[in-house]
Amino acid sequence: MALALCAVSIAAYLMIDVEPRPRGGTMYGYILGTIGALLIVWLSLFGIRKRVITNGVYSLKAWLSAHVYLGASLLVIGTLHAGFHFGWNVHTLAYGLMVLVIVSGMFGATAYTVLPRELSANRGETTQKQWLETIRSLDAQLRDAAQPLDRAEADIVRLSTEKTDIGGSLINRLTGQYGSCSTRRAVEELARMRRARPQNAIATPSAAVDQVDALLKRKQETLAQARRQIRIKTFLEIWLYVHVPVTFALLAALTAHILSVFFYW
Amino acid sequence: MTFAIRTITRSATGGDIVHRPQLFDADQLTIGRGADCEVRLPDLAVNLRHAMLKQTGPGTVLVESLAAEPFEVAGKFITRAELKLSDTPKLIFGSHVLALSASDEDDSVLVDVTRMESAPEAASAANEGKIFSLGSPIFGKRPVAWTLAVVALLACLVWPIASFLSQDRTIHRAQTISADQQWSTGPLSKSHAFLGKNCQACHVKAFVSVRDDTCLSCHRSTANPEAARTTTANERNWDGPEKVTLVREHAAHDRLLRAMPPPKDFIGQIKVVFQRQFDHNSERCASCHLEHLADTQPKGAVAGTPALPRAIPVLRNTEDCASCHAKLRRSLGSTALRDTPDWTHHPEFRPLIARTPIGQSQPIFDRISLVQQPTDYTGLIFSHKEHLSTVGGVARMAAGLRFAGGALNCADCHRPNKGGKGFEPVKMERDCASCHSLAFAPGGPGGAPRLLPHGHPDQVVATLQNFYGGGGGMGGGGVSGRQPPGFLAQLGRLISYHPESGAATGKIRALFTPKGLCAECHTVVAPADTATLDYKIKPIHLTDRYLPRGDFNHDIPEHKHDAAGKPTCDNCHKAVDSEVANEVLLPRVSECASCHGKTKAKIETAASGDCVECHSFHAPGMAPPKGDGDKDHPAVAMPDAVTADKTVAAAGLVGRRTF
Numbered sequence: 021m022a023l024a025l026c027a028v029s030i031a032a033y034l035m036i037d038v039e040p041r042p043r044g045g046t047m048y049g050y051i052l053g054t055i056g057a058l059l060i061v062w063l064s065l066f067g068i069r070k071r072v073i074t075n076g077v078y079s080l081k082a083w084l085s086a087h088v089y090l091g092a093s094l095l096v097i098g099t100l101h102a103g104f105h106f107g108w109n110v111h112t113l114a115y116g117l118m119v120l121v122i123v124s125g126m127f128g129a130t131a132y133t134v135l136p137r138e139l140s141a142n143r144g145e146t147t148q149k150q151w152l153e154t155i156r157s158l159d160a161q162l163r164d165a166a167q168p169l170d171r172a173e174a175d176i177v178r179l180s181t182e183k184t185d186i187g188g189s190l191i192n193r194l195t196g197q198y199g200s201c202s203t204r205r206a207v208e209e210l211a212r213m214r215r216a217r218p219q220n221a222i223a224t225p226s227a228a229v230d231q232v233d234a235l236l237k238r239k240q241e242t243l244a245q246a247r248r249q250i251r252i253k254t255f256l257e258i259w260l261y262v263h264v265p266v267t268f269a270l271l272a273a274l275t276a277h278i279l280s281v282f283f284y285w
Numbered sequence: 015m016t017f018a019i020r021t022i023t024r025s026a027t028g029g030d031i032v033h034r035p036q037l038f039d040a041d042q043l044t045i046g047r048g049a050d051c052e053v054r055l056p057d058l059a060v061n062l063r064h065a066m067l068k069q070t071g072p073g074t075v076l077v078e079s080l081a082a083e084p085f086e087v088a089g090k091f092i093t094r095a096e097l098k099l100s101d102t103p104k105l106i107f108g109s110h111v112l113a114l115s116a117s118d119e120d121d122s123v124l125v126d127v128t129r130m131e132s133a134p135e136a137a138s139a140a141n142e143g144k145i146f147s148l149g150s151p152i153f154g155k156r157p158v159a160w161t162l163a164v165v166a167l168l169a170c171l172v173w174p175i176a177s178f179l180s181q182d183r184t185i186h187r188a189q190t191i192s193a194d195q196q197w198s199t200g201p202l203s204k205s206h207a208f209l210g211k212n213c214q215a216c217h218v219k220a221f222v223s224v225r226d227d228t229c230l231s232c233h234r235s236t237a238n239p240e241a242a243r244t245t246t247a248n249e250r251n252w253d254g255p256e257k258v259t260l261v262r263e264h265a266a267h268d269r270l271l272r273a274m275p276p277p278k279d280f281i282g283q284i285k286v287v288f289q290r291q292f293d294h295n296s297e298r299c300a301s302c303h304l305e306h307l308a309d310t311q312p313k314g315a316v317a318g319t320p321a322l323p324r325a326i327p328v329l330r331n332t333e334d335c336a337s338c339h340a341k342l343r344r345s346l347g348s349t350a351l352r353d354t355p356d357w358t359h360h361p362e363f364r365p366l367i368a369r370t371p372i373g374q375s376q377p378i379f380d381r382i383s384l385v386q387q388p389t390d391y392t393g394l395i396f397s398h399k400e401h402l403s404t405v406g407g408v409a410r411m412a413a414g415l416r417f418a419g420g421a422l423n424c425a426d427c428h429r430p431n432k433g434g435k436g437f438e439p440v441k442m443e444r445d446c447a448s449c450h451s452l453a454f455a456p457g458g459p460g461g462a463p464r465l466l467p468h469g470h471p472d473q474v475v476a477t478l479q480n481f482y483g484g485g486g487g488m489g490g491g492g493v494s495g496r497q498p499p500g501f502l503a504q505l506g507r508l509i510s511y512h513p514e515s516g517a518a519t520g521k522i523r524a525l526f527t528p529k530g531l532c533a534e535c536h537t538v539v540a541p542a543d544t545a546t547l548d549y550k551i552k553p554i555h556l557t558d559r560y561l562p563r564g565d566f567n568h569d570i571p572e573h574k575h576d577a578a579g580k581p582t583c584d585n586c587h588k589a590v591d592s593e594v595a596n597e598v599l600l601p602r603v604s605e606c607a608s609c610h611g612k613t614k615a616k617i618e619t620a621a622s623g624d625c626v627e628c629h630s631f632h633a634p635g636m637a638p639p640k641g642d643g644d645k646d647h648p649a650v651a652m653p654d655a656v657t658a659d660k661t662v663a664a665a666g667l668v669g670r671r672t673f
């Protein structure tokens with residue numbers, strides 16, 4: 021249906037010869053504009069529709085499919101409505117916002133076709149709760165194991181147990197790079213400390229330090245796996261943070277676009 | 015010296031559990047994480063051996079760090095403190111609080127150890143949502159969505175509308191920023207650029223399409239000087255360019271609407287319904303003259319197209335001429351115009367002819383088809399045939415006058431006007447007098463002969479009375495064979511015919527007789543009372559333009575001369591056969607069609623058969639300016655009423671001159 025809509029739009033666009041150039045203010049332009057505006061309103065109603073789950077032909081699944089394809093076709097309709105002509109005005113603002121919404125939606129659609137597989141591959145049989153439990157238990161073990169450690173070494177352990185931010189910032193989540201992760205720093209610090217001081221000079225028994233080191237490294241592995249999960253989930257969610265707010269802005273700009281045309285008729 | 019250490023832990027229900035005290039009989043205690051410490055605090059923030067607690071006297075203790083690591087007392091981090099037990103001081107090591115007090119029973123020191131509530135762990139299950147889904151690191155969707163929507167509405171809708179409502183529209187405003195400019199769909203043409211910041215100059219009312227009155231407030235062409243002043247003032251008020259194209263409506267608005275047939279096709283009818291519904295009708299100025307498109311080249315623009323931005327608004331024809339004029343009589347019964355569906359059905363030319371006898375003060379004009387071979391009342395006695403003939407007296411005289419020889423040709427009398435489009439009016443003194451001399455005696459200024467005043471019979475009488483009555487030159491009208499032929503020679507002849515009329519009266523009467531000089535070209539009205547010399551000449555009407563609703567340019571090379579460079583006048587104007595001046599020497603429309611409407615394949619000089627070759631919309635009597643359409647339109651308009659042809663006003667329109 022969406023493909024047919026695009027095909028008809030493009031064919032009509034090519035067939036209708038508008039002087040001096042194609043634009044919104046022609047009969048065909050108004051038709052496309054009306055279709056586009058109705059589509060935008062209908063597509064934004066998905067936010068309400070998705071909160072109600074039903075079956076059958078008009079199921080949420082069918083609705084989502086239409087949302088994706090008709091949304092993509094809007095890119096064609098909107099561009100033809102504009103006649104490939106843009107400027108610094110409220111009309112192009114509405115177009116720009118529309119493109120932003122559609123592109124973010126396309127990103128989302130792609131993410132939802134590709135990423136869930138990766139998500140379950142990374143997860144294996146583990147649940148999010150289990151990851152957190154593992155980390156909690158590793159923290160407890162670290163605290164116990166570090167009891168015999170002297171102050172400097174204990175502080176390193178505290179760095180990991182107290183300062184580790186599992187999710188991290190948006191950039192951390194998107195890149196999967198946690199360069200300043202406290203656990204990683206703890207591992208590095210401990211290694212450096214052990215290199216710097218000869219074995220016999222360390223006040224605490226090396227067995228305790230070895231144990232702490234092993235625990236820290238296990239925590240690091242667990243964190244890395246959990247963070248891969250977080251990264252994938254971030255990609256699954258991030259586009260909505262553009263898609264939804266910009267849709268609202270688009271509805272406002274669209275209102276201004278339509279009203280302004282009739283206001284200065 | 016005794017220390018009693020009580021560990022207090024919190025129960026699941028929130029109550030405190032006080033464990034049995036451990037008693038130490040020693041001078042001092044060590045506080046730390048190490049297994050060897052008396053007060054053991056399993057806290058990584060505490061040193062293995064952190065501090066020493068020592069009783070220094072009755073009710074006083076000393077706390078001192080064993081390394082440089084401080085501890086907290088009363089909000090301060092210190093390494094040494096002497097404390098009174100009566101103050102029940104609290105020492106804080108990491109997450110543990112040591113409350114010191116003196117025992118009520120003996121002199122021992124009580125140390126209550128409690129662990130503070132620590133912040134929930136980062137990896138706690140309660141944080142699962144926060145950690146694994148996005149939300150905490152960026153703003154929530156909902157507040158951002160509403161903020162963006164409100165900002166967009168305020169900036170793009172509320173602000174411009176508010177500025178629209180608050181602006182004073184009667185005066186020109188030199189604003190720097192107009193809120194409503196963001197609504198502009200594209201730049202204005204150069205001619206209207208000065209209105210760029212002033213949307214309301216044209217968009218006067220909200221939700222009302224741009225009206226013709228708005229355009230005409232600057233562009234109205236009017237003969238009314240008061241209205242013209244208003245137009246100029248309006249334009250100046252908006253700071254417009256000084257030169258403005260003045261136009262009149264093609265026809266009165268109601269007639270224009272009636273003349274426009276409803277579209278035949280279904281889509282066209284739907285279009286009209288929408289146009290009416292949305293108040294965007296297609297007969298407005300703005301329907302054809304499209305603004306805000308100055309940055310677009312016409313489709314298929316070729317080299318030489320004027321540079322952008324465009325100089326004037328884009329012109330888009332909503333209707334072609336034929337859509338109204340094909341069946342104009344059906345929709346406008348009262349029209350004087352003939353239906354013209356296309357060039358091949360163009361009606362025969364109908365020159366504007368004076369129907370009333372000469373001399374009537376209010377001549378009545380009518381348009382009479384060339385098919386009827388109309389005659390015009392010129393009042394002149396003139397034969398084109400005689401003057402253009404290559405043999406005979408005229409030709410000989412012309413040859414004699416011009417030495418090199420040859421008969422007269424058209425250009426000898428009809429001289430192109432400025433621009434060459436039409437011709438200067440024929441003037442007796444310039445175009446006729448070299449042969450039809452008005453000289454009557456020698457002795458004029460500068461040695462030239464004396465001339466009779468042309469066009470004023472009473473002055474002619476006075477001049478001759480003065481000359482002969484005064485005796486000057488009596489009999490001096492000596493006929494000299496070398497004089498140019500004409501009046502001087504004739505006068506001598508006349509005098510010889512009337513030997514007894516030595517007085518001026520005889521000469522004057524001779525002048526106005528049917529054989530006299532004046533009567534060669536004019537109809538003389540003899541005086542009612544034959545005793546007087548009150549001679550009159552019947553008035554002359556000469557028409558500059560017989561076809562006021564069409565344009566013709568004599569200056570176009572194909573119109574002017576043929577391939578060999580020979581003038582083509584007689585192709586269209588059959589003057590060589592015309593013996594009387596009343597004949598209308600216009601070509602038939604078929605003459606035009608011999609080139610116009612043909613193809614180059616058929617004829618070398620083929621040209622377009624479009625209506626706009628000869629008629630423009632706003633000034634049907636003028637062809638539209640040629641070229642890119644960016645040139646100024648001439649400030650010429652058609653008459654207000656379509657039926658004006660039959661009125662006196664039409665006389666001015668055709669440039670009819672009466673003498």
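As you go down the protein sequences, you meet chains A and B in turn.
With the working numbering, you'll find the first sequence wraps up at 285, consecutive numbering, no jumps.
With the working numbering, you'll find the second sequence wraps up at 673, consecutive numbering, no jumps.
Quick reminder that beta carbons are idealized off the backbone N, C-alpha and C, glycines included.
Owing to the predicted nature of the structure, the values given are computational and were not obtained by experimental measurement.
Beta carbon proximity, residue i to chain B, threshold 9 Å
{"i": "A/Gly91", "result": "no"}
{"i": "A/Pro136", "result": "no"}
{"i": "A/Arg163", "result": "yes"}
{"i": "A/Leu210", "result": "no"}
{"i": "A/His111", "result": "yes"}
Contact belief for residue i with residue j at Cβ below 8 Å, rounded distance in angstroms
{"i": "B/Gly393", "j": "B/Glu400", "result": "Contact doesn't hold; Cβ gap of about 18 Å is too wide."}
{"i": "B/Asp353", "j": "B/Leu342", "result": "5 Å"}
{"i": "B/Ala273", "j": "B/Ala265", "result": "7 Å"}
{"i": "A/Asp233", "j": "A/Leu210", "result": "6 Å"}
heavy atom of the ligand GTP below 8 Å from residue i C-beta
{"i": "B/Val77", "result": "This structure lacks the ligand GTP, and indeed carries no ligand of any kind."}
Nearest to residue i (by Cα), restricted to the options the options
{"i": "B/Val111", "options": "B/Ile45, B/Leu209, B/Ser138", "result": "B/Ile45"}
{"i": "B/Ser109", "options": "B/Pro84, B/Leu322, B/Thr128, B/Val123", "result": "B/Thr128"}
{"i": "B/Cys299", "options": "B/Thr21, B/Cys229, B/Ala336", "result": "B/Cys229"}
{"i": "A/Gly107", "options": "B/Ile145, B/Leu307, B/Phe91, B/Ala95", "result": "B/Leu307"}
{"i": "B/Ile326", "options": "B/Ile382, B/Ser348, B/Ala207", "result": "B/Ala207"}
{"i": "A/Ile51", "options": "A/Lys70, A/Leu63, A/Arg69, A/Leu25", "result": "A/Leu25"}
{"i": "B/Pro562", "options": "B/Ala545, B/Ser604, B/Ala637, B/Ile617", "result": "B/Ala637"}
{"i": "B/Val328", "options": "B/Ser203, B/Asp268, B/Ile367", "result": "B/Ser203"}
Chain-order list of residues whose beta-carbon lies under 8 Å from that of residue i (same chain, five-residue window excluded)
{"i": "B/Ala54", "result": "Contrary to the premise, residue 54 of chain B reads as Arg rather than Ala in this sequence. Gly46, Arg47, Gly48."}
{"i": "B/Pro430", "result": "Gly436, Phe437, Glu438, His568, Asp569"}
{"i": "A/Ala27", "result": "none"}
{"i": "B/Leu80", "result": "Thr44, Gly46, Asn61, Arg63, His64, Ala65, Met66"}
{"i": "A/Ala131", "result": "Phe255, Leu256, Trp259"}
Residue i at chain A interface by Cβ criterion, 9 Å
{"i": "B/Ile185", "result": "Residue placement at B/Ile185 is poorly supported in this model, since its pLDDT is 47, which falls under 50; the coordinates still yield a value, given next. Taking Cβ atoms only, chain A never reaches closer than 9 Å to B/Ile185, which makes this a no."}
{"i": "B/Gly210", "result": "no"}
{"i": "B/His294", "result": "yes"}
{"i": "B/His206", "result": "no"}
7 Å Cβ shell around residue i - same chain, five flanking residues per side excluded
{"i": "B/Pro361", "result": "Arg352, Thr354"}
{"i": "B/Lys612", "result": "Ala620"}
Nonlocal neighbours in the same chain, by C-beta distance under 6 Å from residue i, ignoring five residues either side
{"i": "B/Ala113", "result": "Lys104, Asp126"}
{"i": "B/Asp445", "result": "Cys427"}
Query raised in the report: Is the segment 50 to 65 of chain B touching the segment 208 to 221 of chain B, taking contact as three or more C-beta pairs under 8 Å?
Result: no
Query raised in the report: With contact counted as at least three CB pairs below 8 Å, one residue from each stretch, are the segment 384 to 392 of chain B and the segment 585 to 602 of chain B in contact?
Result: As far as the Cβ criterion goes, the segment 384 to 392 of chain B touches the segment 585 to 602 of chain B, which means the pair count is three or higher.
Requested in this report: May I ask you to verify whether the segment 173 to 192 of chain A touches the segment 151 to 164 of chain A, counting CB pairs closer than 8 Å and requiring at least 3?
Outcome: In short, these stretches touch, since the Cβ pair count reaches three.
Query raised in the report: Counting pairs of beta carbons, one from the segment 266 to 277 of chain A and one from the segment 159 to 168 of chain B, are three or more of them closer than 8 Å?
Result: The segment 266 to 277 of chain A makes contact with the segment 159 to 168 of chain B: 3 or more CB pairs, one atom from each, lie closer than 8 Å.
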